[in-house]
Amino acid sequence: MGSPLLSKVRVFLKPLQPFFHQERPAFFTVKTCLWQPPQLPSSARFLCTRDTNQNLGGRQTDKRNTQQPGGQGAIRQGRKEFWDDAADGRNKRSTYQQKPSFTKSVFAAGTAKRTADLLKRKASLVSESEEQHEEEPELRTTRRSGKLEPPDRPLTPAEWKKLKESLGNQERFDTRMMSALFSSGADLDIAKSLLTFVATETGTLSYELLLRYLTLIVSGSHDAEVFDVYNIMLGNFPSLDTGASSLFIKSFSRTARWKEALSILQDVKKVFTPSPRNYGDVIAAAVLNGEMTTAWELYDELMEKGLSPHVETWDILFKGAKKTEEDVEDAVMCEAEQQERLLGILLHMRNNQIYPPHNVATSIKTWFERGVCRCCGSELESIQLTEGEYQELKDRVMADIIQGRDVFNKTTPEELARFKVFVKRKSAFDVVVDGLNVANMNKDKGKQSETLLAVVSELERQGLSVLVLGRKHMLRPSRSWDRHNMSLIQQKAHCFFTDNISEDDPFLLYATLHSGNHCRFVSRDLMRDHKACLPDGATRRLFFKWQRGHQLVVDGYVVAGKRVRFQSILSYDTIIQTTGGSWHIPYDNTEDRSTYEVPQRWLCVTKNS
Numbered sequence: 011m012g013s014p015l016l017s018k019v020r021v022f023l024k025p026l027q028p029f030f031h032q033e034r035p036a037f038f039t040v041k042t043c044l045w046q047p048p049q050l051p052s053s054a055r056f057l058c059t060r061d062t063n064q065n066l067g068g069r070q071t072d073k074r075n076t077q078q079p080g081g082q083g084a085i086r087q088g089r090k091e092f093w094d095d096a097a098d099g100r101n102k103r104s105t106y107q108q109k110p111s112f113t114k115s116v117f118a119a120g121t122a123k124r125t126a127d128l129l130k131r132k133a134s135l136v137s138e139s140e141e142q143h144e145e146e147p148e149l150r151t152t153r154r155s156g157k158l159e160p161p162d163r164p165l166t167p168a169e170w171k172k173l174k175e176s177l178g179n180q181e182r183f184d185t186r187m188m189s190a191l192f193s194s195g196a197d198l199d200i201a202k203s204l205l206t207f208v209a210t211e212t213g214t215l216s217y218e219l220l221l222r223y224l225t226l227i228v229s230g231s232h233d234a235e236v237f238d239v240y241n242i243m244l245g246n247f248p249s250l251d252t253g254a255s256s257l258f259i260k261s262f263s264r265t266a267r268w269k270e271a272l273s274i275l276q277d278v279k280k281v282f283t284p285s286p287r288n289y290g291d292v293i294a295a296a297v298l299n300g301e302m303t304t305a306w307e308l309y310d311e312l313m314e315k316g317l318s319p320h321v322e323t324w325d326i327l328f329k330g331a332k333k334t335e336e337d338v339e340d341a342v343m344c345e346a347e348q349q350e351r352l353l354g355i356l357l358h359m360r361n362n363q364i365y366p367p368h369n370v371a372t373s374i375k376t377w378f379e380r381g382v383c384r385c386c387g388s389e390l391e392s393i394q395l396t397e398g399e400y401q402e403l404k405d406r407v408m409a410d411i412i413q414g415r416d417v418f419n420k421t422t423p424e425e426l427a428r429f430k431v432f433v434k435r436k437s438a439f440d441v442v443v444d445g446l447n448v449a450n451m452n453k454d455k456g457k458q459s460e461t462l463l464a465v466v467s468e469l470e471r472q473g474l475s476v477l478v479l480g481r482k483h484m485l486r487p488s489r490s491w492d493r494h495n496m497s498l499i500q501q502k503a504h505c506f507f508t509d510n511i512s513e514d515d516p517f518l519l520y521a522t523l524h525s526g527n528h529c530r531f532v533s534r535d536l537m538r539d540h541k542a543c544l545p546d547g548a549t550r551r552l553f554f555k556w557q558r559g560h561q562l563v564v565d566g567y568v569v570a571g572k573r574v575r576f577q578s579i580l581s582y583d584t585i586i587q588t589t590g591g592s593w594h595i596p597y598d599n600t601e602d603r604s605t606y607e608v609p610q611r612w613l614c615v616t617k618n619s
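The sequence shown lines up with residues 11 to 619 when you count with this note's numbering.
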């Protein structure tokens with residue numbers, strides 16, 4: 011396999027087939043409710059991401075509450091994806107003082123990213139100066155001194171040899187240089203000249219070198235080149251690895267030879283389980299070529315294997331459903347069947363608390379039929395747990411967190427027993443406060459007890475029964491723990507102080523859940539470790555729902571002389587919802603949402619009467 015073989019390589023770009031955007035018969039009206047002003051009728055307010063309802067009643071007995079872009083960064087990410095493919099209570103009514111008009115919650119999508127960015131912006135001028143110095147040309151040159159710099163034009167074999175010798179005849183020069191060509195987005199002809207040099211010098215091309223070349227041409231959509239490499243690798247190597255198979259599936263799927271990608275997928279299944287990306291590529295090809303039955307068969311197979319589809323797969327399925335039956339070659343799948351399957355995707359998103367990104371929400375909207383956003387005014391599901399859900403969660407938390415195998419790494423049997431007796435002797439609490447967590451909000455160690463006192467005083471002012479959990483060292487007078495402040499706290503709230511080596515969270519969860527579904531807790535801790543202790547996804551989602559409906563977080567800083575405010579708790583659950591006649595779909599409009607945050611935009615879809 012020498013240069014004569016390489017000279018036969020053809021270079022041309024195959025245009026991608028366009029998506030189909032034909033309208034389908036209207037049977038739904040879309041209402042995209044993205045924002046609402048503060049003054050709204052109660053029937054419509056539920057849809058607003060930024061809820062203005064401040065009446066969150068501490069211990070209410072209302073039974074209704076017991077229900078429930080692309081620049082260089084984009085190019086770099088795309089290249090990384092290809093490279094990865096290759097590498098493989100009491101009747102007491104009260105309100106929590108909350109900031110009105112808009113939501114600012116630790117669970118709001120993008121909060122963690124914005125907080126990190128804010129902390130970076132607050133870095134000292136000295137640090138910024140150091141960072142600037144690190145970017146000076148001479149230091150950049152030093153940092154890159156160990157990397158190969160690819161040429162800016164195709165080289166002859168003699169020129170490649172000279173370049174290799176100038177670098178000390180480095181080991182694996184060919185594969186490292188091909189990687190550098192891929193990373194820099196070099197011209198295809200440069201990579202081909204490198205192959206010619208290696209074939210001339212060694213008389214062969216290694217599997218690894220061809221794989222890296224394959225990565226480069228697939229990322230550049232040079233599909234005719236991919237066909238040639240496919241023939242070469244099949245004729246010279248006994249088998250293909252997962253990286254090569256994935257790349258061939260990706261490339262073949264976007265051409266007229268897409269059914270060969272289906273054949274490669276079938277071969278892959280004989281050895282290992284294909285990835286969701288493999289399935290997604292072939293599903294997209296089947297949809298674009300009008301073979302919806304094949305697409306849905308592959309989707310069903312993907313789900314049966316317990317794999318999680320990529321959002322791009324859902325996107326293409328909703329787009330493909332816009333074709334009329336005349337467009338569909340197999341014409342086996344009627345419109346009603348497709349509708350049922352697509353609604354099944356929405357139910358899957360709901361059951362697994364999945365939030366579609368903006369582009370998928372747009373495809374869903376287009377499938378339902380374009381309309382004007384008016385907000386239907388439907389009441390959304392409550393964030394509060396039903397009686398059955400609450401009891402189920404309480405039992406699981408008690409068994410897996412409070413009485414779990416490692417609980418006594420966080421406390422002692424005697425201390426836990428003493429705390430249980432303490433709680434049983436008291437009336438149910440309205441709020442449980444993680445005292446040390448709240449006090450540590452203030453970075454001024456001299457004002458920690460003052461901060462805690464301010465929060466407890468605000469809760470007491472609202473007429474709530476408060477339990478403060480703390481550590482015994484907080485009772486020893488010090489700069490941080492003023493004797494007078496701690497005395498006032500004990501007058502305003504029930505207090506329980508654990509040993510200094512104990513962790514507060516198990517006690518906080520026990521007291522909150524024991525007090526009843528009305529009880530809330532104050533802490534900045536997101537409880538991710540404790541949620542991970544729960545046995546299954548359904549229980550973890552139930553815990554997250556309970557947490558979002560019961561956790562109070564102090565909004566901003568505690569300032570002397572000013573009332574303490576808490577972040578808003580939404581009255582509705584952020585999850586895909588349906589009442590049969592309408593769908594309400596929260597969707598991502600940011601790439602910054604962390605796993606413990608929820609989207610802030612909704613898509614409202616109402617069925618025509």
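Here a beta-carbon is modelled for each residue, glycine too, at the ideal position from N, C-alpha and C.
Here the structure is a predicted model, which is why all the values come from computation and not from measurement.
Residue closest to Ala-521, alpha-carbon to alpha-carbon, out of Lys-404, Glu-391, Val-466 | Against the sequence shown, residue 521 aligns to sequence position 511. The alpha carbon of Ala-521 has as its nearest neighbour, out of Lys-404, Glu-391, Val-466, the alpha carbon of Lys-404.
Distance, Leu-219 Cα to Leu-552 Cα = In the sequence shown, residue 552 corresponds to position 542, counting from 1. In the sequence shown, residue 219 corresponds to position 209, counting from 1. Straight-line Cα distance between these residues: approximately 50 Å.
Exposed or buried, which one is Glu-335 when buried takes at least 16 other CB atoms within 10 Å?
-> Position 325 of the sequence shown, counted from the first residue, corresponds to residue 335. The predicted model places Glu-335 with a pLDDT of 42, which falls under 50 and marks its position as unreliable; any figure quoted below should be read in that light. By the neighbour-count rule (16 or more Cβ atoms within 10 Å), Glu-335 is not buried but exposed.
Kindly provide the ranges of any alpha helix (DSSP H) runs that are 4 or more residues long and lie completely inside the segment 417-498, ordered along the chain.
-> 423-435, 445-449, 458-471
Can the beta-carbon of Ser-115 be found closer than 7 Å to that of Gln-577?
-> Working through the sequence shown from its first residue, we reach residue 115 at position 105. Working through the sequence shown from its first residue, we reach residue 577 at position 567. Closer than 7 Å, so yes.
Give the C-beta separation of His-528 and Asp-602 to the nearest angstrom, bearing in mind that I take them to be a contact with Cβ-Cβ under 8 Å.
-> Numbered from its first residue, the sequence shown carries residue 528 at position 518. Numbered from its first residue, the sequence shown carries residue 602 at position 592. In this structure, His-528 and Asp-602 do not form a Cβ contact; the two beta carbons are roughly 34 Å apart against a cut-off of 8 Å.
Sort out for me which residues DSSP pairs Leu-562 with in a bridge.
-> Along the sequence shown, one-based indexing puts residue 562 at 552. BP columns for Leu-562 point to Val-532.
Based on Cα-Cα distance, which residue from Arg-435, Asp-233, Thr-283 lies nearest to Ser-525?
-> Counted from its first residue, the sequence shown places residue 525 at position 515. For Ser-525, the nearest C-alpha among the options comes from Arg-435.
Could you give the residue range of the alpha helix (DSSP H) that holds Ser-256?
-> Position 246 of the sequence shown, counted from the start, is the residue given in the question as residue 256. Unbroken alpha helix (DSSP H) run through Ser-256: 252-263.
When Arg-222, Phe-237, Ser-388, Thr-584 are compared against Ala-266, the one with the closest alpha-carbon = Residue mapping note: residue 266 aligns to position 256 of the sequence shown, counting from 1. Taking only the C-alpha atoms, the option nearest Ala-266 is Phe-237.
DSSP state of Ser-216 mapped onto helix, strand, coil = By one-based count along the sequence shown, residue 216 stands at place 206. The answer is coil: DSSP assigns Ser-216 none of H, G, I, E or B.
CB-CB under 6 Å to Leu-477, same chain, minus the five flanking residues each way: which ones, in chain order?
-> As a first step, residue 477 is located in the sequence shown; it is residue number 467 there, counting from the start. So the list reads Phe-439, Val-442, His-504, Ala-521, once near-sequence residues are dropped.
Hey, out of Ala-168, Thr-584, Tyr-400, Glu-607, whose CA is closest to Leu-613's CA?
-> For the purposes of this step, residue 613 is taken as residue 603 along the sequence shown, with counting starting at 1. Minimum Cα distance to Leu-613 is reached at Thr-584.
Cut-off 8 Å between Cβ atoms - residues of its own chain near Leu-395, not counting five sequence neighbours on either side | Reading the sequence shown from its first residue, position 385 is the one you call residue 395. Closer than 8 Å at Cβ, skipping near neighbours: Thr-76, Gln-78, Leu-403, Asn-527, Leu-552, Lys-555, Trp-556, Gly-559.
Around the Cβ of Ser-216, are there at least 16 other Cβ atoms within 10 angstroms (buried) or fewer (exposed)?
-> Looking up residue 216 in the sequence shown gives position 206. Its Cβ having fewer than 16 others within 10 Å, Ser-216 is exposed.
Relative to the C-alpha of Trp-593, which residue among Val-563, Arg-406, Glu-391, Asp-197 is closest?
-> The residue given as residue 593 occupies position 583 in the sequence shown. The option with the nearest alpha carbon to Trp-593 is Glu-391.
Alpha-carbon to alpha-carbon, Gln-501 and Leu-523 = If you number the sequence shown from 1, residue 523 lands on position 513. If you number the sequence shown from 1, residue 501 lands on position 491. Cα to Cα, Leu-523 sits roughly 24 Å from Gln-501.
Runs of alpha helix (DSSP H) lying entirely within the segment 510-557, each at least 4 residues, in chain order | 515-525, 538-542
Helix, strand or coil at Arg-603 according to DSSP, with G and I counted as helix = Looking up residue 603 in the sequence shown gives position 593. Arg-603: coil per DSSP, three-state reduction.
When we look at the beta-carbon of Gln-610 and count the other beta-carbons within 10 Å, is it buried (16 or more) or exposed?
-> Counted from its first residue, the sequence shown places residue 610 at position 600. Gln-610 counts as buried, since at least 16 other C-beta atoms from the protein chains shown sit within 10 angstroms of its C-beta.
CB of Pro-516 within 7 Å of CB of Ile-412, strictly | Against the sequence shown, residue 516 aligns to sequence position 506. Against the sequence shown, residue 412 aligns to sequence position 402. Contact flag set, yes.
Excluding sequence positions up to five away, which residues of its chain have a Cβ less than 7 Å from the Cβ of Val-369?
-> Taking the sequence shown and counting its residues from 1, one reaches residue 369 at position 359. According to the sequence provided, residue 369 is Asn. The question's Val does not apply to it. The answer, listed in chain order, is Asp-325.
To the nearest angstrom, report how far apart Leu-519 and Glu-389 are at their CA atoms.
-> Locating residue 519 in the sequence shown gives position 509, counting from the first residue. Locating residue 389 in the sequence shown gives position 379, counting from the first residue. The alpha-carbon atoms of Leu-519 and Glu-389 are separated by roughly 30 Å.
Do the segment 487-502 and the segment 457-473 meet, that is, are 3 or more Cβ pairs less than 8 Å apart?
-> yes
Using a Cβ-Cβ cut-off of 8 Å (strictly less than) and excluding sequence neighbours within five positions of Arg-150, which residues of its own chain qualify?
-> Start at 1 with the first residue of the sequence shown, and residue 150 comes out as number 140. Interpretation of Arg-150 is limited by its pLDDT of 39, a score under 50 that renders its predicted location unreliable; no figure is taken from the coordinates.
Helix, strand or coil for Asp-598 per DSSP?
-> On the sequence shown, residue 598 is found 588 positions in, with the first residue counted as 1. Asp-598 falls in the strand class under three-state DSSP.
Beta-carbon contacts of Ala-464 that lie in its chain and below 6 Å, excluding the five residues immediately before and after | One-based indexing of the sequence shown puts residue 464 at position 454. Residues Val-568, Val-574 of the same chain have their beta carbon placed closer than 6 Å to that of Ala-464, with the five preceding and five following residues left out of the count.
Which of helix, strand or coil does DSSP assign to Thr-508?
-> Along the sequence shown, one-based indexing puts residue 508 at 498. If DSSP states are grouped into helix, strand and coil, Thr-508 belongs with the strands.
Report, in whole angstroms, the separation of the C-beta atoms of Ser-581 and Gln-561, which I expect to be a contact under 8 Å.
-> Taking the sequence shown and counting its residues from 1, one reaches residue 581 at position 571. Taking the sequence shown and counting its residues from 1, one reaches residue 561 at position 551. 15 Å between Cβ atoms; not a contact.
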